[in-house]
Structures are given as structure tokens and as C-alpha cells.
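Chemist: Shown below is the structure under consideration.
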Amino acid sequence: MKFLSKRYLFTPGPVPVAPQVLLTQAQPMTHHRLPEFSEILKEIRSGLQYLFQTKERVYFFASSGTGAMEAAITNLFSPGDKVIVVEGGKFGERWRELAETFGLNPITIKVPWGKAVDPSDVEKALKENPSAKAILVQACETSTGVKHPVPDLANLCKERETILVVDGITAVGVYPLPMDELGIDVLITGSQKALSLPPGLSFIALSQKARELAKSSKLPKYYFSLAKEDKAYDKDTTAFTPAVSLLIALREMLNRIKELTLERLFAHYQAISSACRKAVSALGLSLFPDVPSESLTVIKAPEGLPTGDFLKFVRDKWGIIFAGGQDALKGKIIRITHMGDQSPFDLLIAISALELGLKHFGVKVELGFGVKTAEEELYSYLAKF
């Protein structure tokens, strides 16, 4: 048995889940076709509209977020359709791979990892490809921590037939991304991020403009058919057996968000992410993304640091679970999430572990300086409680 058995999860999904929310999944199982479950679905669907800030229907599937990404492709497009893909990380690559898998013609805008896309590059691609059906982009590219300029991209689509499809998996519920107000045509998220739930649910909402495009889609779909879900929605049910226990937990979480308000939730993430970034800078470390998201802080690994060994050490010895880089960024970055059931005091634990772990591996840091900086940044936020 380990002496230090408590674990702290700072990965960008899955994220920590509140014990009270976990307990809701321990309720006796119910049947998904009962009238009382229809009432639960109504409550959930209203809560999802509040979260997405939309009057449109928000659908869910028993899948990871990638399932909703696939649903966007198969329900909206036809073989040979041109789509403009912003590829600036692992999940931008996923948009391209999905488009290729289903026979679309992706026009790829390659963005250096850690950089936000320049809207002028997207506008240029639109002018060169006026028949493009959509722009596919991440709001937050989780692999790099960068925040892409979704409002600017939405403006590019307003006077065109092109739709904007946004992977908001690490953005929805973290910072303002009002679907209707911005003119986002398709918005996607997943349960294991800002919703602070276990993995297993994905969500997708379509604007009226996207719905019109979907009418001409010729790609095959079955489980991910939004037409099937639409018919079920009219009857306050689901097309297939849903993840009942996860939906019970989702209802609890959506009620918590409504009670807290989105404004206060966004302020929470803004305060924690700002404090983390300032603490990292105070330690002499550099941030990786040029436009960082509030969802997570991504740090350039100090020169000479064996990043894999560092991550393993703080995990195995102290129970601190950070994330490293993926693919081209493996060994080059350290990722610390701010999503999930985390308080400002959890951030202080993360910064302390970062300092101590770096010192253990010979990196020159002043112990306590990052924690002090974070405390000073968080004080005014905590004083409001």
C-alpha cells in the first residue's frame, strides 16, 4: 500500500468528478421508456440549451466526443464535398481524418502547433474554394492549449452558404461560446471535460442553416442519425438505449450549472487559468500556445528535462497526474487542466507539485514562488466568496 494514496487528476479529460455527482449514478436503475424518464430528458434538454446558449435542439449520444464529430460529418455532408479544415494539433488532424474517411475533400489550413489560426488565412481559403460546405475547427485545440478565434470565423460564414462546425469539447462551459449569438452552425462537446462528468456522452447542436444543409446529405448513418434522434426528441425519448446513469448525473450537473450561472462558471475558469499562467511565468517557464485557452495551461518543458520521467515521478510518488504532449509534442510540453471539480486550492497543489518535481530533476526554480504568485492572483477572486 502506498503511503501517499490520494491522487489529484489534472489531465484535460477525464477530469475530477464531484462525489455528489458520482453518487447520483448509484441510484437504482430505471427504464428509459418510462414516463418519469421522459421528464428527466425534458429537464436535461432544457439544461443543455442553457449550456450551449441556444434555442436549437441539443442531441446526445453514448460516445466520446469523437462520436459527435463523426455525427457532424455524416449528417451534414455528401461524398466529394469540400470542407475547410483548420489543422493545428491532434484534434484538427482528427477533423481531417474524419473528412477523408467519409470521402469528403478536405482543404487543409496547416497551422503550427501552438498557434491560433489567422482568420485571413481562412478567408483566403474560402475565396479560393467558394463551393466549400463548411469550416471545421476546434474552439480549443486540447493538444496544444490554443484558443482559435471562433467569433471571427463565424463572421466569415454569415454572408456565405458555408457553415461553421466547431469542436467545443474543451470550450463549452469554460469560456463564453454562445452558439446563437455568435452564429455557430454546429457546436459539439463531451461529458468528460467542463461538464465534470465521467466519459461516455457526446453532444451536438445544429443551427437552422446547418439543418438545411443536412437535408441534402447522402452519407450513410445509423446510430449517429440526427433524423432518428429528431423523431425521438418529438416524443420526449431517445432513438436508442441511452446511458441512463450518466444522464442522471448529467441532470445533476446541469442543475448545478444553472444554479451557479454560466457567468460565475466562466469567472471561475478565468481566475484559475490566469493564476496558473502567472505562476508558471514567475517560475521562469514559458507557455506553449500563443493564445492560451482557459481550459488548460500548457507549459514548454524546460530544456534538458526528461518530461516522461518527470510526469511518471510526480504521478507514482505523489499522486499528481499531469498530462504530457501527444504525437509531435511528446516530451516537449506539460499540460495542467483547469476543468472538472477543481477549486482554486487544487491549483495551488498543482503548482506546488510542479515546483517540487522540477527541483527534483535539477531545474532551477524558487520553491514557493509560483504558489505565492498564484495566491496573490487568486486572492481578489476568493475574497468574493
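Residue numbers are given in the working numbering: position 1 of the sequence shown equals residue 5, and the series is strictly consecutive. Using N, Cα and C, we set each Cβ at its ideal position, and we do this for glycine too.
(1) Report the rounded CA-to-CA distance for Phe317 versus Gly361, giving the unit in angstroms.
(2) Going by DSSP, name the residue or residues bridged to Gln142.
(3) Is the distance from the Cβ of Val176 to the Cβ of Ala138 below 8 Å?
(4) Can you pull the DSSP bridge partners for Phe64?
(5) Between the Cα of Asp184 and the Cα atoms of Val62, Gly194, Ala76, Thr28, which residue gives the shortest distance?
(6) Out of curiosity, what's the CA-to-CA distance linking Ala75 and Leu254?
(7) Measure the CB-CB distance between Val190 and Ile173 and report whether it falls below 8 Å.
(8) Going by DSSP, what residue range makes up the beta strand (DSSP E) through Arg339?
(9) In terms of alpha-carbon separation, which member of Phe81, Gly323, Leu157, Leu315 lies closest to Ser135?
(10) Among the candidates Leu140, Ser50, Phe65, whose CA atom is the shortest distance from the CA of Thr58?
(11) Would you say Leu55 and Leu352 are within 8 Å of each other, going by their C-beta atoms?
(12) Go ahead and label Asp85 buried or exposed: buried means 16 or more other beta carbons lie within 10 angstroms of its beta carbon, across all protein chains shown.
(13) Let me check understanding here. Comparing Cα to Cα, which of Leu186, Pro16, Pro110 lies closest to Leu201?
(14) Is the distance from the Cβ of Val375 to the Cβ of Ser347 below 8 Å?
(15) Assign Thr241 to one of three DSSP states: helix, strand, or coil.
(16) For the beta strand (DSSP E) containing Val89, list its first residue and its last residue.
(17) Over what stretch of residues does the beta strand (DSSP E) that includes Lys316 continue unbroken?
(18) Return the residue from the list Leu289, Asp331, Ala305 that minimises the CA-CA distance to Glu370.
(19) Could you check which residue in Gly344, Phe373, Gly372, Ala378 has the C-alpha nearest to that of Leu26?
(20) Using a Cβ-Cβ cut-off of 7 Å (strictly less than) and excluding sequence neighbours within five positions of Lys217, which residues of its own chain qualify?
(21) So, using beta-carbon positions, are Arg100 and Leu130 closer together than 8 Å?
(22) Between the alpha carbons of Leu186 and Ile252, how many angstroms are there, rounded?
(23) Please name the residue or residues paired with Lys128 in a DSSP beta bridge.
(24) Which same chain residues end up closer than 7 Å to Ala95 when comparing Cβ atoms and leaving out the 5 residues on each side of it in sequence?
(25) Compute the Euclidean distance between the alpha carbons of Ser206 and Tyr385, then round it to the nearest angstrom.
(26) Could you compute how far the alpha carbon of Arg260 sits from the alpha carbon of Pro203?
(27) For the candidate residues Lys213, Gly69, Leu250, Ile113, whose alpha-carbon lies nearest to that of Gln29?
Modeler: This is what the structure gives:
(1) If I take the Cα positions, the gap works out to 8 Å.
(2) Note: Gln142 sits in a beta bridge opposite Asp171.
(3) For Val176 and Ala138, no; Cβs fall outside 8 Å.
(4) DSSP links Phe64 through a beta bridge to Phe207.
(5) Residue Val62 is the option with its Cα nearest to Asp184.
(6) C-alpha separation (whole angstroms): 21 Å.
(7) Result no, Cβ atoms of Val190 and Ile173 do not sit closer than 8 Å.
(8) It spans 337–341 - the beta strand (DSSP E) in which Arg339 sits, taken as one unbroken run.
(9) When each option's Cα is compared against that of Ser135, the closest is Phe81.
(10) Of Leu140, Ser50, Phe65, the residue nearest in Cα terms is Ser50.
(11) Leu352 sits away from Leu55, with the two beta carbons spaced by 8 Å or more.
(12) Counting Cβ neighbours within 10 Å, Asp85 comes out buried, since at least 16 surround it.
(13) Checked all of Leu186, Pro16, Pro110; the closest Cα to Leu201 is Pro16.
(14) With contacts defined by Cβ atoms closer than 8 Å, Val375 and Ser347 do not form a contacting pair.
(15) DSSP places Thr241 in coil when its eight states are reduced to three.
(16) Run containing Val89: 86–91, per the beta strand (DSSP E) assignment.
(17) Following the DSSP letters along the chain, one finds Lys316 in no beta strand (DSSP E) but inside the alpha helix (DSSP H) bounded by residues 311–322.
(18) Comparing Cα positions, the closest option is Leu289.
(19) Closest by C-alpha distance to Leu26, out of Gly344, Phe373, Gly372, Ala378, is Gly344.
(20) Just to set this straight, residue 217 is Leu in the shown sequence, not Lys. Counting only Cβ-Cβ distances below 7 Å, and skipping sequence neighbours, we find Leu80, Lys137, Ile167.
(21) In this structure, Leu130 does not lie closer than 8 Å to Arg100 by Cβ.
(22) For Leu186 and Ile252, the distance between alpha carbons rounds to 30 Å.
(23) For Lys128, DSSP records no beta bridge to any residue.
(24) The identity of residue 95 in the sequence shown is Phe, whereas the question assumes Ala. These residues qualify, in order along the chain: Gln142, Glu145, Thr146, Ser147, Asp171.
(25) Straight-line Cα distance between these residues: approximately 32 Å.
(26) Straight-line measurement puts the Cα of Pro203 at about 18 Å from the Cα of Arg260.
(27) Considering only alpha carbons, the answer is Leu250.
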